[in-house]
Every structure is written in structure tokens, then in C-alpha cells.
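Throughout the sequence shown, residue numbering follows the numbering used here, covering 2 to 152 in sequence.
Idealized CB from N, CA, C, for every residue including glycine.
Notes to accompany the following structure.
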Amino acid sequence: MKKTAIFPGSFDPYTMGHHDIVMRSLEIFDEVLIGIGYNSTKKNRYFDIDLMVEKIKSVYSEEPRVKVIVYNELTSTLAKKHEAGFLIRGLRNTTDFEYENTISQMNRYLNENLETVFLITSPHYAAISSTVIREVHRYGGNVSEFLPYTI
Ligand code: ADP
């Protein structure tokens, strides 16, 4: 059976850290769906959602096993719809762990066929966070080294 995994997140913006997790996931799963959680009524993003979808798609234009979707529902519901048995999350530190631990248990409760698989960050990308990149970008700093596309 085809192993489909969803990599959910805000991806505001999508970084080299995220890209690393996806490339490693392709070694484990047949198909990886990058799910961008987005609520159109809240509009609380820094990077435009359509721009980010376009940029992420451009990164994987040669990789048909990666798809990009925008969703506005429970991640566990999204997984059911796409017959995905796995969620992928990246772990950088204990703060990530504390948060992910509860989310993962809740997702399993909501959808018992859903297993969350955690990949530990590659040391090279451990310090990269979307929050910091947003801040640097806001004040005109160069963030190109941390993104797998040009912006
Ligand atoms: P969320 O808003 O759901 O936390 P993010 O877009 O910030 O979404 O991150 C999505 C996933 O990618 C999370 O599991 C996060 O821990 C992981 N992640 C973010 N940055 C890195 C990184 N540098 N290395 C590995 N994993 C990362």
C-alpha cells in the first residue's frame, strides 16, 4: 500500500529546515503532502499564502512525489481525506518536543489511524525558524541563505 504522509505547518515562510525534513521524508514515504494551515478570514500571515504556495511548488517541480495543499480544517481530518496514515513533524529542541507531544496525542485521539513521525533537525538547520526569518526580513536583512527559493 502507498505510504502517504502529510507535513503540516504554517510555513511562514518555508525554510531550508522544512526542505531538509521533506527530502529526508521522501526516503521513508512514497508521497509527501505539504499542508499549509491557513484561515482566510484571519489573514495573519507575514508572507502571502499564494506566493508561498508558488515558491514551495517551484522547489519540488522535478519531484512528483511532493504536493502542496492549503487547508483550513483539523489536520487529522485532512489526513483522512487524503488517506494519509502519517504526519511528519520536525523536532529542534525540547520546546518543540513539549508542544508536539500533546498535539500528536490529540491527533491520534481524533484519528486513530494516524501516526506522527518525528524527524530530528539536521544540526546545520537547527537554528532556523520561520519566526526569526520573518524578523530579519521585516527589517531588510538578507535571508536568502535560509530559503530553498529566491524571494
Ligand atoms: P507550526 O506553525 O505548525 O509550528 P512551522 O511552519 O513553524 O509550523 O513548522 C512546521 C514543522 O517544521 C514543525 O514540526 C516544526 O517543528 C518543523 N521545523 C521548523 N523549522 C525546522 C528546522 N529548522 N528543522 C527541523 N524542523 C523544523
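{"Query": "Applying the 10 Å Cβ sphere with the 16-neighbour rule, what's the burial state of residue 65?", "Result": "exposed"}
{"Query": "Is it true that the CB of residue 69 sits closer than 7 Å to the CB of residue 58?", "Result": "yes"}
{"Query": "Please list, in chain order, all residues of the same chain as residue 37 whose beta carbon is under 6 Å from its beta carbon, the five residues on each side excluded.", "Result": "12, 71"}
{"Query": "Between the Cα of residue 113 and those of 30, 149, 78, 44, spot the shortest distance and give me the residue it belongs to.", "Result": "78"}
{"Query": "Apply the 10 Å Cβ neighbour rule to residue 108 and answer buried if 16 or more other Cβ atoms are within range, or exposed otherwise.", "Result": "buried"}
{"Query": "Out of 63, 18, 145, 118, which has the shortest C-alpha to C-alpha gap to residue 85?", "Result": "118"}
{"Query": "In angstroms, rounded to a whole number, what distance separates the CA positions of residue 17 and residue 134?", "Result": "11 Å"}
{"Query": "Over what stretch of residues does the alpha helix (DSSP H) that includes residue 101 continue unbroken?", "Result": "95 to 111"}
{"Query": "Is the beta carbon of residue 8 sitting closer than 7 Å to the one on residue 129?", "Result": "no"}
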